[in-house]
DNA sequence: ACGGTAACCTACCATGAGTAAGTTACTTGC
DNA sequence: GCAAGTAACTTACTCATGGTAGGTTACCGT
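Protein chains in written order, with the working numbering: chain G, 1 to 202; chain C, 1001 to 1202.
Set out below in structure tokens:
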């Protein structure tokens, strides 16, 4: 008897791209970037390795694409949340809250956002840089709205602090497992908000 | 004519260990963890690969040892700085300042501290955990001294925030290159200190 | 001097990133 | 409908590098 022939399904480029990103995000999150093999990703998609290279160029490229997609989603979510606020304080609070909720909804795949440190120093630096600016730029915008005319360098520094603080708190929360998104948000607000309030144009 | 024989110098274990850590720190910082090869490290020491494995077990082990050493130095420096303060605010400020100065003194090798994300998920988790606790524990201690009796979970969260903020600000400073350690310290203090001041035992 | 041990090296394996070249499914013009 | 073109896909490799087995040599204690 003839076992059903492989029936090589062909799929549009865009569709395959998403499939690959899904699979890669999962595999990277499960095993960590280093330990994850390209063959494992390929197998999960149901395809062979060169396909991945045709789409993303390299393992690092694939990682960056995963990070970029995740960050874009994150940015959308937080932007939307901040937009529905009535006053500046509420805006920041909603932003933080949306951030933590987003990470919860992504499950373990959140770790992926912090794998960018795994990228070799010089190579894709500008890509990483762009992704970074995306987030800190958003925060800078929020701050600027709250304290228009304030020292630009200071605002940039504040944005860095806020992003760093959020990331670290999120990782800590993930490890502990018993801290609610609400609690984390309050901690962040309590520590940071009064400092922001003191920011006035000079 | 006989070209001078290799004169295989033999060296005590502890000494070789330090040589290897020095070389590895440099190579990891230059090329990044991934792109750095064990052979490159070995060559820099003037030794062959199996020696590295005899001392540190694996590439990851070597990385962790580098990170641990650097963090220990950092902890020493900040502890000393904080100890010479007259009041709580000054203590925190001196701690931050020492942190930035330390990274400056280390040059590019500072990036190394943040390569811990490069370690595969489950494997050396407890080692990474220990290193992390070393730093956040120190900060928690500082906070506790300032606000004795405050909610322990909250203090832990604050410690995470502060560490994350510092790290991120340091990376940003390294990339920009035109922000003094003093300036960075002030930014951090301004944002965080007033929030800390509001922390009272409940 | 003379074992014994610990540092060290040569020579190898295994895995996984990346690629060249050919094959097959779909599309498009006639 | 049907050929020709093209884009997705595969097989079958290369090559760099993490890691190791087993032998060799410098040093230390007696």
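Backbone N, C-alpha and C define an ideal beta-carbon position, used for all residues, glycine too.
Burial state of residue i (16 or more Cβ within 10 Å)
i, result
"residue 1002 of chain C", "Below a pLDDT of 50, predicted positions are generally treated as unreliable, and residue 1002 of chain C, at 40, falls in that range; the measurement from the model is reported next regardless. Counting Cβ neighbours within 10 Å, residue 1002 of chain C comes out exposed, since fewer than 16 surround it."
"residue 11 of chain G", "exposed"
"residue 59 of chain G", "buried"
"residue 1015 of chain C", "exposed"
"residue 195 of chain G", "buried"
"residue 1160 of chain C", "buried"
"residue 72 of chain G", "exposed"
"residue 1084 of chain C", "exposed"
"residue 1034 of chain C", "buried"
"residue 1116 of chain C", "buried"
"residue 1176 of chain C", "exposed"
"residue 46 of chain G", "exposed"
"residue 81 of chain G", "buried"
"residue 1145 of chain C", "exposed"
Below-9 Å beta-carbon distance, residue i vs any chain G residue
i, result
"residue 1130 of chain C", "no"
"residue 1158 of chain C", "yes"
"residue 1184 of chain C", "yes"
"residue 1085 of chain C", "no"
"residue 1149 of chain C", "no"
"residue 1165 of chain C", "yes"
"residue 1012 of chain C", "no"
"residue 1037 of chain C", "no"
"residue 1041 of chain C", "no"
"residue 1020 of chain C", "no"
"residue 1104 of chain C", "no"
Residue i (DSSP reduced to helix, strand or coil)
i, result
"residue 137 of chain G", "helix"
"residue 174 of chain G", "helix"
"residue 47 of chain G", "coil"
"residue 1018 of chain C", "helix"
"residue 1065 of chain C", "helix"
"residue 151 of chain G", "coil"
"residue 1003 of chain C", "Caution is warranted here: a pLDDT of 44 is assigned to residue 1003 of chain C, below 50, making its placement in the model unreliable, and no coordinate value can be reported."
"residue 1057 of chain C", "coil"
"residue 1146 of chain C", "helix"
"residue 194 of chain G", "helix"
"residue 1114 of chain C", "helix"
"residue 1185 of chain C", "helix"
"residue 11 of chain G", "coil"
"residue 1041 of chain C", "helix"
"residue 83 of chain G", "helix"
"residue 158 of chain G", "helix"
Contacts around residue i, its chain only, beta-carbon distance under 8 Å, and the 5 residues preceding and following it disregarded
i, result
"residue 1050 of chain C", "none"
"residue 114 of chain G", "167, 171"
"residue 138 of chain G", "75, 78, 79"
"residue 163 of chain G", "135, 136, 139"
"residue 1190 of chain C", "none"
"residue 131 of chain G", "64, 67, 68, 71, 116"
Short CB-CB distance (under 9 Å) between residue i and chain C
i, result
"residue 77 of chain G", "no"
"residue 134 of chain G", "no"
"residue 34 of chain G", "yes"
"residue 169 of chain G", "yes"
"residue 67 of chain G", "no"
"residue 201 of chain G", "Because residue 201 of chain G sits at a pLDDT of 42, beneath the cut-off of 50, its placement in the model cannot be relied upon, and the point is left open."
"residue 154 of chain G", "yes"
"residue 53 of chain G", "no"
"residue 140 of chain G", "no"
"residue 26 of chain G", "no"
"residue 91 of chain G", "no"
"residue 58 of chain G", "no"
"residue 179 of chain G", "yes"
Own chain residues within Cβ distance below 6 Å of residue i, not counting five before or after
i, result
"residue 1109 of chain C", "1025, 1029"
"residue 1101 of chain C", "1181"
"residue 1096 of chain C", "1185, 1188"
"residue 179 of chain G", "173"
"residue 1074 of chain C", "1102"
"residue 157 of chain G", "none"
First and last residue of the uninterrupted alpha helix (DSSP H) at residue i
i, result
"residue 1092 of chain C", "1088-1106"
Cβ-heavy atom distance, residue i to the ligand PLP, below 8 Å
i, result
"residue 129 of chain G", "This structure lacks the ligand PLP, and indeed carries no ligand of any kind."
Own chain residues within Cβ distance below 7 Å of residue i, not counting five before or after
i, result
"residue 1052 of chain C", "1020, 1038, 1041, 1042, 1062"
"residue 65 of chain G", "21, 56"
"residue 126 of chain G", "none"
"residue 112 of chain G", "25, 28, 29, 66, 67, 70"
"residue 1142 of chain C", "1082, 1091, 1092, 1095"
"residue 1104 of chain C", "1181"
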